[in-house]
Each structure stands twice: as structure tokens, then as C-alpha cells.
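Peer 1:
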Amino acid sequence: MAPSRHGPPLITAPAELTANVGESIEIPCYISGRPKPLEVTWKRNDEELDYASGKTQIHLIPRSYGVESRLIVRDLQEVDMGTYNCTANNGIGYDTNEEFFEIVMVVMYRARAMF
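Position one of the sequence shown corresponds to residue 1 (UniProt numbering), numbered consecutively onward.
#1: Report the option in I11, H6, G22 whose CA atom is closest to the CA atom of Q77.
#2: Report the rounded CA-to-CA distance for S53 versus W42, giving the unit in angstroms.
#3: Measuring only the C-alpha atoms, how far is S4 from M81?
#4: Using the three-state DSSP reduction, which class does residue 122 fall into: helix, strand or coil?
#5: Taking 8 Å as the limit between beta carbons, can you name the residues of its chain near G7, skipping five residues before and five after?
#6: Note down the Cα distance separating N90 from T56, rounded to an integer number of angstroms.
#7: Taking C-alpha atoms, which residue in D95, L10, I25 lies nearest to H59?
#8: Quick one: which unbroken beta strand (DSSP E) runs of 3-plus residues sit fully inside the UniProt domain "Ig-like" (8–102)? Chain order, please.
Structure, rendered in C-alpha cells:
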């Protein structure tokens with residue numbers, strides 16, 4: 001994934017992710033380009049994420065090809081399901097990647113005998 005020319009960043013990421021209610025998940029976004037990205041932002045369903053609550057957190061990891069951005073979502077609930085966008089800007093241009101994230105609802109129940 002080594003960038004060979006100067007230009008806007010290029011993003012690659014998984015197309016779809018699945019997790020269970022109550023779990024945490026890391027959504028990766030791999031960004032290459034020259035110069036390396038100056039800014040990486042995440043949105044869910046085209047809305048800004050709330051980082052103040054501590055439910056979501058972003059990690060930026062420098063890589064030889066550019067940057068890896070990981071969005072961490074904790075204690076998943078059904079309302080967290082949606083399309084997450086990772087957008088990178090390196091001063092020359094930008095790229096956006098959409099990732100659909102599905103939450104699997106697991107319902108536990110115990111059968112009772114009726115007499």
C-alpha cells in the first residue's frame with residue numbers, strides 16, 4: 001500500500017461488520033497518501049459522533065503507508081447500528097469510505113413447563 005505520488009488520500013476499509021449487543025468493536029480505516037493525512041473524522045449516519053460520553057473513541061496509528069484510524073464503540077446497543085463514515089484530508093484533497101455496521105440482537109430466554 002505504499003503511496004507512489006502526491007495526491008489526495010486513499011481509504012480502504014471493510015465493507016461490513018457485525019457484532020453483538022453489549023460487546024465493543026473496533027472499526028478500522030486504512031488511509032494512504034502523500035502527504036500523510038492531516039485530519040481524520042468519523043460520522044454515523046452523516047452525524048458527528050459524541051466522544052464526550054466515552055462510548056466512542058478514535059485511535060490514530062502511524063503506518064509506513066499513511067495512517068490507520070480505528071473507531072472504538074463500547075457497549076453496543078441497537079441504536080449504534082448504521083453507516084459509519086471515515087473521512088481523511090491531507091491538504092491536497094480528501095476521500096471518504098462508508099462502512100455498514102450491523103448489531104446482532106441476541107435474546108436469551110428460558111423455557112418453562114406449563115402444567
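All C-beta atoms, glycine included, are put in the ideal place defined by N, C-alpha and C.
As the structure is a computational prediction, the values presented were derived from the model and not from experiment.
Peer 2: Per the coordinate set shown:
#1: On the sequence shown, residue 77 is found 77 positions in, with the first residue counted as 1. When each option's Cα is compared against that of Q77, the closest is G22.
#2: On the sequence shown, residue 53 is found 53 positions in, with the first residue counted as 1. On the sequence shown, residue 42 is found 42 positions in, with the first residue counted as 1. One C-alpha to the other measures close to 16 Å.
#3: One-based indexing of the sequence shown puts residue 4 at position 4. One-based indexing of the sequence shown puts residue 81 at position 81. For S4, the predicted structure reports a pLDDT of 49, less than 50, and the residue's modelled location is therefore unreliable. A value from the coordinates is still provided. Straight-line Cα distance between these residues: approximately 36 Å.
#4: Here the chain has residues from 1 to 115 only, and residue 122 is not among them.
#5: The residue labelled residue 7 in the question sits at position 7 within the sequence shown. G33, R34, I92, G93, listed in sequence order.
#6: Numbered from 1 along the sequence shown, position 90 holds the residue referred to as residue 90. Numbered from 1 along the sequence shown, position 56 holds the residue referred to as residue 56. If I take the Cα positions, the gap works out to 24 Å.
#7: Stepping through the sequence shown from its first residue, residue 59 is reached at position 59. Nearest option by C-alpha distance: I25.
#8: 10–12, 16–20, 25–32, 39–44, 56–63, 66–73, 82–89
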